[in-house]
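Participant: Oh and the sequence shown: position 48 is 48 in full-length UniProt numbering, straight run, nothing missing.
Virtual Cβ for every residue (Gly too), placed ideally from N, Cα, C.
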Amino acid sequence: MGIEIERKFLVKMDLWQALEKPEGKHYRQGYLLNKEDRVVRIRIAGDQGFITIKGAGDGISRIEYEYEIPKSDAEEMLERFQPEGIEKIRYRIPEGSGLVWELDEFLGANQGLVLAEIELSSQDQRFTKPDWLGQEVSEDERYSNSSLALRPLQS
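1. Among the candidates 130, 123, 140 and 109, whose CA atom is the shortest distance from the CA of residue 5?
2. Looking only at its chain, what residues have a beta carbon closer than 6 Å to the beta carbon of residue 120, apart from the 5 residues adjacent to it on each side?
3. Just to confirm the assignment: which complete alpha helix (DSSP H) runs, minimum length 4, are found wholly within the UniProt domain "CYTH" (2 to 155)?
4. Short check: CB of residue 107 to CB of residue 84, under 7 Å?
5. Spatial neighbours of residue 22 within its chain, please: C-beta separation below 8 Å, excluding the five flanking residues on both sides.
6. Beta-carbon separation of residue 12 and residue 134 under 7 Å?
7. Buried or exposed: residue 48, going by 16 or more other Cβ atoms within 10 Å of its Cβ?
8. Around the C-beta of residue 44, are 16 or more other C-beta atoms found within 10 angstroms, so that it is buried, or is it exposed?
9. Quick check on residue 42: buried or exposed, where buried means 16 or more other Cβ atoms within 10 Å of its Cβ?
10. Please look up how many angstroms separate the CB atoms of residue 40 and residue 31, rounded, as I've assumed it's under 8 Å.
Structure follows, in structure tokens:
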């Protein structure tokens, strides 16, 4: 069974805007199933397609299975079946101890929102918090990508 352990934070916009950023990658994703306890997501990340199944969570952990699929299949599924979705630019910034911060700058209805997340191997794993991190929103469902697709939040 796949488990995702993730901490998520708002980003301080003034520090984010001043930060020298690496090249970002465009993401487009939609949800074939978008329920509180389970999600089936189709994602296009650059030139790759993915299908992801996520189950109910326990704190910052949740069941997750992700598989690469042909990009053309992902594009077709998003066109034919996507009732709601999001777009964003993702930036990957190394944390320093082998971990990577993923910063999502949202587009469209969520324009102006920037979230940072870090995937951990255990719920109590330590990591360095950069100055540009704001309030933690790991357990605030409003900031999950599946919620943002249904109910956009502009910061």
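Facilitator: Inspection of the coordinates gives the following:
1. Numbered from its first residue, the sequence shown carries residue 5 at position 5. Selection 130, 123, 140 and 109 evaluated against residue 5 yields 123 as nearest (Cα-Cα).
2. By one-based count along the sequence shown, residue 120 stands at place 120. 5.
3. 13 to 18, 71 to 81 and 145 to 150
4. Taking the first residue of the sequence shown as position 1, residue 107 is located at position 107. Taking the first residue of the sequence shown as position 1, residue 84 is located at position 84. The beta carbons of residue 107 and residue 84 sit no closer together than 7 Å.
5. Counting from 1 along the sequence shown, the entry for residue 22 is found at position 22. So the list reads 91, 92 and 93, once near-sequence residues are dropped.
6. Position 12 of the sequence shown holds residue 12. Position 134 of the sequence shown holds residue 134. Against a cut-off of 7 Å, the Cβ pair of residue 134 and residue 12 comes out as a contact.
7. As a first step, residue 48 is located in the sequence shown; it is residue number 48 there, counting from the start. Exposed, by the Cβ-count rule.
8. Here residue 44 corresponds to residue number 44 of the sequence shown, with the count starting at 1. With 16 or more other Cβ atoms within 10 Å, it is buried.
9. Translated into the one-based positions of the sequence shown, residue 42 becomes position 42. Around the beta carbon of residue 42, 16 or more other beta carbons sit within 10 angstroms, so the residue counts as buried.
10. The count along the sequence shown starts at 1 and reaches residue 40 at position 40. The count along the sequence shown starts at 1 and reaches residue 31 at position 31. About 7 Å; that satisfies the 8 Å criterion.
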